[in-house]
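Visitor: Quick one: structure below, then a few questions.
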Amino acid sequence: MKELLKLCGFTDKEPETELARIEKVFKRLGITDEDIETGKQRLHKYYDIDLQGLRKVFRLIIKELVNAILAKEDGREKLIYGFMCPGIDLLGSAFMTKSDKVFSIHHSWAFHIVIGCIFGKIVPVLEDAEKTWLKAGAVAHCANVKTIAGPLSMGLFPNPDMLVTSAYTCETSSKTLDILHELYDIPVWYIDHFKDRAITEYPGPSDRVAKLTAESIKRFVEKVQSITGFEIEDDLLIQVKETKRKLEKAITEMRKIVINSDPLLISSSHENIWGCLLSLTSTIDGIEEATDAINMLCNELKEKAARGEGDVEKGAPRVLAICPAGQTDPRLEYLLCEVGIAVVGIDFTMGEKSKKHSDDPYLEMALGSQQVSLELPPYGRIPLIINACKKLKVNGVLDRYHVGCRAVVADALLIEEAVKKELGIPVMVMEWENFDPRSYNHQQFKNRLEIFREMMIENTGNKS
Amino acid sequence: MRYFIGIDIGSEFSKGVITGEGEILTQIVIPSGINYKTAALKLRDELLKSAGISEEDIACTATTGHGEKLIPFSSRHISTALCCAKGIRHVFPEVRTVLDIQGQSSQVIKLSEKGRISDHSVNDICASGSGYFLTVVSNILQIDINDVGPLSLKSSNPVTFTTGCAVFGESEAISRVAEGTPKEDILAGVNNALASRLASLVNDVGMEMPCAVCGGGGLNAGLIKSLAGLGIEADVPPNPQLINAIGAACFAEEYSITADNK
Ligand code: SF4
């Protein structure tokens, strides 16, 4: 256990009470000694765990999970869980900074990383969700929602006092929360937000959508104020936003270092770690700690580049991947490295920053939430992908679309057609489930990736 | 002389060759059974025996197909598409489009002048367009799979299947049997349905001539005729089911040379 925690950035100076808390949570999650061994091996195999900055990031993620699971025991009176919901990470951090009687967490991202990526134990959680309310094969729900329902049905997380979501990307999230309300009598709140925009409203965010979303987020905050009794001032939201902006900037800097590297400095299995970090609902102090960890990582990566080291062979074809790295399972990202494909970017992180800004923190949150690939209809998403390909100078696009996801599944073939036509580079279309390790088919994936690599080499050779 | 083994573990049959100085010295096909590791070990033993050489004479072994993690003596496991491309170049160096029709999946590979894969299309999730459809129907008709091709060529009135799906196709075949439709017409209908599914894979990549068919599907003369009926005039190499194993042996030779040069 100590060794595993050391790999995850915990030091000897850690208070005994902190270690006891982690032990308690791991026990509750059913983590055995064997799992600890597996966890150590997976950390070494799938992550660049020698990087001290990365260890610090894992430490923050584990701490967030521990705090969430022990929230009630820690005396937090109100628990608010957000899921697929604009602005929740920022709002959550503001609630937590304001009062230590509230705990707020952005869906189960930290849970995905710890249970799924580190210990490889997400499948029983999915199965439990399927057992209690979603029969496998009966309804085509994505496994993301099962990672919300499973921990509640298994009693791993305390039931929250409010669940908040939005149907802005798909209706699966709101339907799931409806079911959880029926099953566990948990109050549910919805933030209005939608991705249907007129073509004329591109590029850039729509004022119309932003206004509606901002008003809805405000109503949610008023609701939180009414159940907690404290006030969330605009100044606090602005302060949190500023602190988060520094973290975002640090992560963008780090991504730039990676994008420009050859050999690729760090595998794409780390991408969801950065995503998780951005979604942590820590207090302002916690966000600053995360920023320091990323800055440290940037320096370590520069040193690694100077030594000529990398996670993929030098000169490997460069690829833009569609959809984020495996959220609960790093094996596909690892396989990409093994086959010799350098994933230099992911469409979800390639959205142009909003050029519109507002002094109203709610409007600012709503403007920013429209620029992400997932939240765009095809006529917004495809240009984003084409631009990203040009910017990253990629040799191909890995269109690994999340087959259970209502929001992305329909775009896959349109993306393939557009990229081939406009850029003349190979596109490999591959079905998978971003949250469900059972969809990982090593032989099939390896076959496809080896072919994809060949096609990119052939195509690049023809052009040069 | 240095020898190389190429092994292709298929869902129904396991195929192997031993090569030396670019020539195929021996080739063997055995049923895969339910244990790929056992099949691979048996195949290797039979290959060595047939070639009259021992394990120590083998410079490198490469494998493809199923059971990547199960074959203990493999130096390298390579995807079927890469092996197919390499193998077909070995026997037909001019080929630009190859249809690899296997028991559980089919793929169409487009090759550049240099023999690299320039495009690819596969149906490895659904059994339609694979040999599985034929296996299902030949079981219903109680005929040996090897007789499917010759028998289907005797058809004068092929059945039109409304589906390329192996599951729905099975019930359609049963209905035709119940109606008393001759076996050869049912089989010719299955071949036509398979060919049309394969033609859509060919369309995905865009056909360039010359074209070849390999895999077990290459042994079915009726299917080759159905493909020709759709404008896909394909050559069939001798022993088409061995192409991927030959490709694997070529890779084994390349790896061995690379290792020597290091
Ligand atoms: S269907 Fe897609 S957008 Fe909806 S919850 Fe699942 S992963 Fe998220």
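Protein chains in written order, with our numbering: chain A, -19 to 444; chain B, 3 to 264.
All C-beta atoms in this analysis are idealised placements derived from N, C-alpha and C, irrespective of residue type, glycine included.
#1: If you draw a straight line from the C-alpha of aspartate 187 of chain A to the C-alpha of leucine 347 of chain A, how long is it?
#2: DSSP beta-bridge partners for aspartate 391 of chain A?
#3: Work out the CA separation of serine 146 of chain A and isoleucine 171 of chain A for me, nearest whole Å.
#4: Need the endpoints of the alpha helix (DSSP H) that aspartate 206 of chain B sits in, please.
#5: Looking at the ligand SF4, does it come within less than 7 Å of alanine 387 of chain A, judged from the CB to the closest heavy atom?
#6: Report yes or no: is there a C-beta of chain A within less than 8 Å of the C-beta of aspartate 121 of chain B?
#7: Just the Cα atoms here: how many angstroms apart are proline 212 of chain B and arginine 177 of chain A?
#8: Give me the subset of the region 163 to 197 of chain B whose CB atoms are less than 7 Å from a CB atom of chain A, sorted by chain position.
#9: Can you tell me which of A:Phe432, A:Ala305 and A:Phe83 puts its alpha carbon nearest to the alpha carbon of glutamate 413 of chain A?
#10: Let me check understanding here. Comparing Cα to Cα, which of B:Ser52, B:Lys39, B:Lys112 and B:Ser120 lies closest to isoleucine 437 of chain A?
#11: Helix, strand or coil for leucine 101 of chain B, going by three-state DSSP, please let me know.
#12: Provide the residue span of the alpha helix (DSSP H) that contains glutamine 205 of chain A, from first to last.
#13: Cβ of threonine 152 of chain A versus every heavy atom of the ligand SF4: is any distance shorter than 7 Å?
#14: Please tell me whether alanine 261 of chain B has its Cβ less than 8 Å away from any Cβ of chain A.
#15: Can you tell me whether DSSP reads arginine 4 of chain B as helix, strand or coil?
#16: Can you tell me whether glycine 384 of chain A sits near the ligand SF4, meaning its C-beta is under 7 Å from at least one heavy atom of the ligand?
#17: Which bits of chain B does asparagine 252 of chain A rub up against, with CB to CB less than 8 Å?
#18: Should aspartate 308 of chain A be listed as close to the ligand SF4, given that the test is whether its C-beta is under 7 Å from any heavy atom?
#19: Can the beta-carbon of glycine 191 of chain B be found closer than 8 Å to that of proline 152 of chain B?
#20: Can you give me the start and stop residues for the alpha helix (DSSP H) that proline 131 of chain A sits inside?
#21: Would you please state the rounded distance, in angstroms, between the beta carbons of valine 207 of chain B and serine 123 of chain B? I believe it to be under 8 Å.
#22: Buried or exposed for lysine 370 of chain A, please, with buried defined as at least 16 other CB atoms from any protein chain shown within 10 angstroms of its CB.
#23: Can you say whether histidine 337 of chain A is buried or exposed, counting buried as having 16 or more other CB atoms within 10 angstroms of its CB?
#24: Return no unless some Cβ of chain A is closer than 8 Å to the Cβ of alanine 41 of chain B.
#25: Does the ligand SF4 have a heavy atom nearer than 7 Å to the CB of asparagine 193 of chain B?
#26: Would you check if the distance between the CB atom of aspartate 141 of chain A and the CB atom of lysine 52 of chain A is smaller than 8 Å?
#27: Just to check, is the beta-carbon of cysteine 122 of chain A closer than 7 Å to a non-hydrogen atom of the ligand SF4?
#28: Report back the beta-carbon spacing between phenylalanine 415 of chain A and threonine 127 of chain A to the nearest angstrom; my notes put them in contact at under 8 Å.
#29: Would you say valine 168 of chain A touches the ligand SF4, meaning its beta carbon is less than 7 Å from a heavy atom?
#30: Hey, does threonine 65 of chain B have any beta-carbon neighbour from chain A nearer than 8 Å?
#31: List the residues of chain A whose Cβ lies closer than 9 Å to the Cβ of glutamate 70 of chain B, in chain order.
#32: How should phenylalanine 170 of chain B be labelled, buried or exposed, when 16 other C-beta atoms within 10 angstroms of its C-beta is the threshold for buried?
#33: Quick one: is methionine 435 of chain A near chain B, going by C-beta distance under 8 Å?
#34: For the ligand SF4, I want to know if threonine 183 of chain B counts as a neighbour, meaning its beta carbon is within less than 7 Å of at least one of the ligand's heavy atoms.
#35: Tell me whether valine 97 of chain B counts as near the ligand SF4, meaning its Cβ is closer than 7 Å to at least one heavy atom of that ligand.
#36: Looking at the strands, I want to know which residues DSSP matches up with asparagine 125 of chain B.
Guide: In this structure, then:
#1: Rounded to the nearest angstrom, the two C-alpha atoms are 8 Å apart.
#2: Under DSSP, aspartate 391 of chain A shares a beta bridge with no residue.
#3: Near 5 Å, if we compare the C-alpha coordinates of serine 146 of chain A and isoleucine 171 of chain A.
#4: Per DSSP, the continuous alpha helix (DSSP H) segment holding aspartate 206 of chain B begins and ends at 185 to 207.
#5: Shortest gap from the CB of alanine 387 of chain A to any heavy atom of the ligand SF4: under 7 Å.
#6: At least one CB of chain A lies nearer than 8 Å to the CB of aspartate 121 of chain B.
#7: For proline 212 of chain B and arginine 177 of chain A, the distance between alpha carbons rounds to 49 Å.
#8: Residues passing the 7 Å Cβ filter: none.
#9: Taking only the C-alpha atoms, the option nearest glutamate 413 of chain A is A:Ala305.
#10: Residue B:Ser120 holds the alpha-carbon nearest to the alpha-carbon of isoleucine 437 of chain A among B:Ser52, B:Lys39, B:Lys112 and B:Ser120.
#11: DSSP places leucine 101 of chain B in strand when its eight states are reduced to three.
#12: Following the DSSP letters along the chain, one finds glutamine 205 of chain A inside the alpha helix (DSSP H) bounded by residues 187 to 208.
#13: The answer is yes for threonine 152 of chain A.
#14: Taking Cβ atoms only, chain A never reaches closer than 8 Å to alanine 261 of chain B, which makes this a no.
#15: In the structure shown, arginine 4 of chain B sits in coil (DSSP, three-state: anything other than H, G, I, E or B).
#16: It does: the Cβ of glycine 384 of chain A is within 7 Å (strictly closer) of some heavy atom of the ligand SF4.
#17: Chain order gives no chain B residues near asparagine 252 of chain A, where near means a beta carbon separation below 8 Å; the closest approach is about 25 Å.
#18: It is threonine, not aspartate, that sits at residue 308 of chain A in the sequence shown. Every heavy atom of the ligand SF4 is 7 Å or more from the Cβ of threonine 308 of chain A, so no.
#19: With contacts defined by Cβ atoms closer than 8 Å, glycine 191 of chain B and proline 152 of chain B do not form a contacting pair.
#20: Its alpha helix (DSSP H) spans residues 123 to 133.
#21: Yes, valine 207 of chain B and serine 123 of chain B are in contact; Cβ-Cβ is about 5 Å, under 8 Å.
#22: By the 16-neighbour rule on beta-carbons within 10 angstroms, lysine 370 of chain A is exposed.
#23: Burial is judged here by how many other beta carbons sit within 10 angstroms of a residue's own beta carbon; histidine 337 of chain A has fewer than 16 and is exposed.
#24: For alanine 41 of chain B, no CB of chain A lies under 8 Å from its own CB, so it is not counted at the interface with that chain.
#25: The nearest non-hydrogen atom of the ligand SF4 is 7 Å or more from the C-beta of asparagine 193 of chain B.
#26: Going by C-beta atoms, aspartate 141 of chain A is not nearer than 8 Å to lysine 52 of chain A.
#27: Yes, the ligand SF4 has a heavy atom inside 7 Å of this Cβ.
#28: Distance from phenylalanine 415 of chain A to threonine 127 of chain A at the Cβ level is roughly 6 Å; contact confirmed, criterion being Cβ atoms closer than 8 Å.
#29: No - the ligand SF4 has no heavy atom lying nearer than 7 Å to the Cβ of valine 168 of chain A.
#30: By this cut-off, threonine 65 of chain B is not an interface position.
#31: Result: His422, Gln423 and Lys426.
#32: Counting of Cβ neighbours within 10 angstroms places phenylalanine 170 of chain B among the exposed residues, the total staying below 16.
#33: At least one CB atom of chain B sits nearer than 8 Å to the CB of methionine 435 of chain A.
#34: Relative to the ligand SF4, the beta carbon of threonine 183 of chain B is positioned no closer than 7 Å to any heavy atom.
#35: It does not: the Cβ of valine 97 of chain B is nowhere closer than 7 Å to a heavy atom of the ligand SF4.
#36: In the DSSP secondary-structure assignment, asparagine 125 of chain B is bridged to B:Ser108.
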